[in-house]
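Engineer:
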Amino acid sequence: MVTRSRSCYRSVLRRPRTVSAALTTASCGWCAAVSQNVSRSRSSESWRRKRPPRWPVWSRICWSDIADRVAATPAKMKTMTTVRPALLLGPAQPDDPDFRYATGMAIETAVYLRPQNGGDLLVVPRLELERARQEASAAAILERGELGWTEQRDAFASWTDTALRLLRREGVTSVRVSPRLAAACYEGLRAAGIELSIEAQLFQRERRRKSPAEAVAIRSAQEAAEIACVEVIRHLGRASTGAGGVLELSGRPVTSERLMAVAQAALNERGHATPEMIVAGAPGCAVPHHRGSGPIQSGGPVIIDIFPRGLASGYHGDLTRTVVPGEIAPTVQRMHEACVEALRAACAGLRAGANGRDLHREACRLLVDRGYGTTTPDFEGRQEGPVLTHSLGHGVGLEVHEEPQLRNLDYELAAGDVVTVEPGLYRPGLGGVRVEDTGMVTEAGFENFTSLPYSLRPEDYL
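In my numbering, the protein residues as written are -3 to 458.
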């Protein structure tokens, strides 16, 4: 659990009302009592006993903490420049991460304006008004009818008109916009005389530095991913080998689709979900992002990559393990050992001030020294064998892939970055192996949010 905190979180229980705040080192008797109760209720499973303290209730995220950080952003901006245009946002999708970061809520259609002098405004449809009042962090929330909403067949035109009315009411003629803004809205605003500038790095710096509340939400998602992963492995471990080497359980073939359904159910029970995941058996798992389909073969590696999102928080976790149901081939065992060694070496090197490029190259060097190849220039190694074909890792937050990156590019890491470390090796015809942990970069090192073992044997997880 990340313990740095401004004060007792009991004082900031707001938006949404059903969401409670993260408990840190308690500053009042009430929080201390709850903390002790949570600690006593932990699971007795062996791999859970090794976990650092955490808050397993998925909804324990303090949106007010995030809102305070966002609200403070204009003041920071003013120290960097004397004049900066207002910020205008519209959700590019129902769960647009930048829009959610700015407003504290996910919504399909809305307009958000942060003028130069602060006092941000959010315009929403009538059906979303009450929810916005409960969840959103904006200083003022307007129903679109207050701005003279006109229904049109073209929804983009309707919302562009609404944005124009808001800008004119506030006397704003120049705005910054997200690169995600719909082209139709951009062109409509420009045609009406609004000066627009695309903020290519919008919120990237702010979103990288995770607050204690954000860290709790990511931990919760990672815990849900672990539980779902163990359920998949449990089914693989209970299966028997049937005709043609196909795994069977309860008289039916064990398929990727069946295992994905098991994982999704486990996630849903904990308030998390993912539109897709990877449960891929051999030889298909030789393609890193092959989702998996059809029956699972005994004796081949199975890559399980689960990256759930909290339904209330919007924050992701990301976890990968590889297991082999049945006899483990020596080639697969050596590949797995090399990947685990690369992961541990990278985790040991993660700290504020380290560079993602150096960590990626060091992982490539280690794999090449073990007789494998990579696709990174100057670290090609042995291309005819198993090869690492992707980067070492990436940031995680409101998006499952975000800044910073652990790849062959210059990314200096900072305290508060949450990143994955996921080395993998793949060989067509054989399959692949990959292991992945997620955790937070600190001044002292790497706080790993992941506690599952690294093993190819299903029984080691159960």
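Every residue gets a Cβ at the ideal spot worked out from N, C-alpha and C, and that includes glycine.
For clarity, every value in this text was computed on a predicted model and none was experimentally measured.
By DSSP's criteria, Arg110 is part of a beta bridge. Which residues make up the other side?
Structural biologist: Answer by DSSP bridge pairing, in chain order: Leu83.
Engineer: Excluding sequence positions up to five away, which residues of its chain have a Cβ less than 6 Å from the Cβ of Val34?
Structural biologist: Low confidence applies here, because Val34 scores a pLDDT of 38, under 50, leaving its location unreliable; read the following figure in that light. Excluding sequence neighbours, Val34 sits near nothing in its chain.
Engineer: Taking the alpha carbon of Ile302 as the reference point, which residue from Leu315, Gly167 and Leu255 has its own alpha carbon closest?
Structural biologist: Per the Cα distances, Leu315.
Engineer: For Ser37, count neighbouring C-beta atoms within 10 Å of its own C-beta (all shown protein chains included) and say buried if the count is 16 or more, exposed if not.
Structural biologist: Confidence at Ser37 is low in this model, with a pLDDT of 40, below 50, so the placement of that residue is unreliable and no value is reported for it.
Engineer: If contacts are defined as beta-carbon pairs under 8 Å, then Ala221 and Gly277 qualify, I think. What distance do you get, rounded to the angstrom?
Structural biologist: Their Cβ separation, rounded to whole angstroms, is 19 Å, which puts Ala221 and Gly277 out of contact at 8 Å.
Engineer: Can you grab the Cα-Cα spacing for the pair Arg357 / Asn404, in whole Å?
Structural biologist: Taking the straight line joining both Cα atoms gives about 7 Å.
Engineer: Within 10 Å of its beta-carbon, does Ile194 have 16 or more other beta-carbons around it, so buried, or fewer, so exposed?
Structural biologist: By the 10 Å Cβ count, Ile194 comes out exposed.
Engineer: Nearest by alpha-carbon distance to Gly441: which of Asp92, Tyr108, Cys343 and Leu362 is it?
Structural biologist: Checked all of Asp92, Tyr108, Cys343 and Leu362; the closest Cα to Gly441 is Cys343.
Engineer: What did DSSP end up calling Phe152 once you bin it into helix, strand or coil?
Structural biologist: DSSP places Phe152 in helix when its eight states are reduced to three.
Engineer: Would you say Val171 and Ala82 are within 7 Å of each other, going by their C-beta atoms?
Structural biologist: For Val171 and Ala82, yes; Cβs fall inside 7 Å.
Engineer: What three-state label does DSSP hand Asn444 in the structure shown?
Structural biologist: In the structure shown, Asn444 sits in a strand (DSSP, three-state: E or B).
Engineer: Just tell me which of Gln401, Ala410 and Pro424 has its CA closest to the CA of Val417.
Structural biologist: Checking every option, the nearest Cα to that of Val417 belongs to Gln401.
Engineer: Note the first and the last residue of the continuous alpha helix (DSSP H) segment covering Met331.
Structural biologist: Note, Met331: alpha helix (DSSP H), Pro326 to Gly345.
Engineer: Does DSSP put Thr99 in a helix, a strand or coil?
Structural biologist: The answer is helix: DSSP assigns Thr99 an H, G or I state.
Engineer: Taking 7 Å as the cut-off, decide whether the C-beta atoms of Leu346 and Leu363 are in contact.
Structural biologist: No; because the gap between Cβ atoms is not below 7 Å, this pair is not in contact.
Engineer: In three-state DSSP terms, what is Gly240?
Structural biologist: Gly240: helix per DSSP, three-state reduction.
Engineer: Taking just the CA atoms, how far does Val328 sit from Gly435?
Structural biologist: About 26 Å.
Engineer: Since Gly352 and Tyr407 are thought to touch, with beta carbons under 8 Å apart, how far apart are those beta carbons, to the nearest angstrom?
Structural biologist: The pair is a contact, with the Cβ atoms about 4 Å apart (cut-off 8 Å).
Engineer: Evaluate contact between the segment 171 to 187 and the segment 81 to 95, counting only Cβ atoms and requiring at least three cross-stretch pairs below 8 Å.
Structural biologist: The segment 171 to 187 vs the segment 81 to 95: in contact.
Engineer: For Ala269, which residues of its own chain have a beta-carbon under 8 Å away from its beta-carbon, when the five flanking residues on both sides are left out?
Structural biologist: Hits under 8 Å: Gln260, Leu263, Pro304, Arg305 and Leu307.
Engineer: In this structure, how does DSSP classify Met436 when only helix, strand and coil are distinguished?
Structural biologist: It is a strand residue.
Engineer: Return the bridge partner residues of Val119 from the DSSP annotation.
Structural biologist: The partner list for Val119 (beta bridge, DSSP) reads Val107 and Leu138.
Engineer: To the nearest angstrom, how far is the alpha carbon of Ile460 from that of Ile214?
Structural biologist: Residue numbering for the chain in the displayed model covers -3 to 458; residue 460 lies beyond these limits and cannot be assessed.
Engineer: For Phe258 versus Glu219, is the C-beta spacing smaller than 7 Å?
Structural biologist: Correcting the residue identity first, residue 258 is Val in this sequence and not Phe. No. Outside cutoff.
Engineer: Which residues mark the beginning and the end of the beta strand (DSSP E) in which His390 is found?
Structural biologist: Gly389 to Gly391 is the span of the beta strand (DSSP E), which, as asked, contains His390.
Engineer: Quick check: what's the CA-CA separation for Ala348 versus Val414?
Structural biologist: Approximately 11 Å, taken between the alpha carbons.
Engineer: To which residues does DSSP link Cys422 through a beta bridge?
Structural biologist: For the sequence presented, residue 422 should be read as Tyr rather than Cys. BP columns for Tyr422 point to Val383 and Gly428.
Engineer: Between Leu421, Ala187, Gly184 and Phe152, which has its C-alpha nearest Asp331's C-alpha?
Structural biologist: Before going further, note that residue 331 is Met rather than Asp in the sequence given. Cα-wise, what sits closest to Met331 is Leu421.
Engineer: On the three-state DSSP scale, how would you describe Val250?
Structural biologist: Three-state result, Val250: coil.
Engineer: Mind reading off the beta-carbon distance from Lys206 to Gly389? Whole number of angstroms is fine, and I expect it under 8 Å.
Structural biologist: With 8 Å as the limit, Lys206 and Gly389 do not qualify as a contact, their Cβ atoms being about 15 Å apart.
Engineer: Using only alpha-carbon positions, find the residue among His386, Arg204 and Pro326 that is nearest to Ala410.
Structural biologist: That would be Arg204, whose Cα lies nearest to the Cα of Ala410.
Engineer: State the Cα-Cα distance for the pair Gly310 and Leu394, rounded to the nearest angstrom.
Structural biologist: When rounded, the distance between both Cα atoms is 6 Å.
Engineer: State the CB to CB distance for the pair Pro321 and Val298, rounded to an integer number of angstroms; the pair is presumed to be in contact (CB under 8 Å).
Structural biologist: With a Cβ gap of about 7 Å, Pro321 and Val298 count as contacting.
Engineer: What are the complete alpha helix (DSSP H) segments, minimum 4 residues, inside the segment 159 to 228?
Structural biologist: Taking only runs of at least 4 residues, the alpha helix (DSSP H) segments lying wholly in the segment 159 to 228 are 179 to 187 and 200 to 204.
Engineer: Output yes or no for whether 7 Å exceeds the beta carbon distance between Ser294 and Leu255.
Structural biologist: Not in contact: Ser294 and Leu255 (Cβ atoms no closer than 7 Å).
Engineer: Measuring only the C-alpha atoms, how far is Pro373 from His285?
Structural biologist: The straight-line gap from Cα to Cα measures roughly 22 Å.
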